[in-house]
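Data block below; observations after.
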Amino acid sequence: MSEVVHDQSLPACPVEVTLTLISNKWKVLILRDLLTGTKRFGELKKSIGTVTQKVLTAQLREMEASGLLTRTVYAEVPPRVEYALTELGLSLKPILDSMQAWGSDYQTKHELPR
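For reference, each letter of the sequence shown is one residue, going 66 to 179 in my numbering.
Encoded structure:
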């Protein structure tokens, strides 16, 4: 089980704390993809699309350090690495569900005519 890094300098505002943990679109998309289950690095990169390998690696490391996901390395050739959400990461599901519902509603109301 991954050890959560406790930061003494967390913001006082709970909304700001949440934003600190999922502060960019890559982290939110990683969460979205891992909510359906364990994924390998290549699967995440393909699903997310335009993210570079360097940026994806950095985001995954930050999320692991925050306790949102686990990284499992298998001693195989070639090496296999899998990522999965922790209980803490899974606890963000209602937030992502709300974001998806809000986004769908916005798309419906603001879709440009074709």
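Just so it is clear, CB atoms sit at the ideal spot from N, CA and C, and this is done for glycine as well. This structure is a prediction, so every number in the text was calculated from the model and none was measured.
Check	Outcome
Within 10 Å of its beta-carbon, does Q124 have 16 or more other beta-carbons around it, so buried, or fewer, so exposed?	buried
Go through its chain and collect everything with a Cβ distance to V142's Cβ below 6 Å, but skip five positions before and after it.	none
Starting from A207, trace the alpha helix (DSSP H) in both directions and tell me its first and last residue.	This structure does not reach residue 207, given that the chain is present from 66 up to 179, and the question cannot be answered.
Could you work out which residue in Q118, S163, K92 is closest to L150 when comparing CA atoms only?	K92
Nearest CA to the CA of P159: which residue from L86, T85, L75, L100?	L100
Report back the beta-carbon spacing between G114 and L134 to the nearest angstrom; my notes put them in contact at under 8 Å.	At roughly 19 Å, the Cβ-Cβ gap does not stay under 8 Å, so G114 and L134 are not in contact.
Measuring only the C-alpha atoms, how far is P144 from E108?	15 Å
Given a threshold of 16 other Cβ atoms within 10 Å of its Cβ, counted over all protein chains shown, does K104 qualify as buried or as exposed?	buried
In the DSSP assignment, find the alpha helix (DSSP H) that holds V82 and state where it starts and stops.	79 to 86
Work out the CA separation of V120 and G102 for me, nearest whole Å.	21 Å
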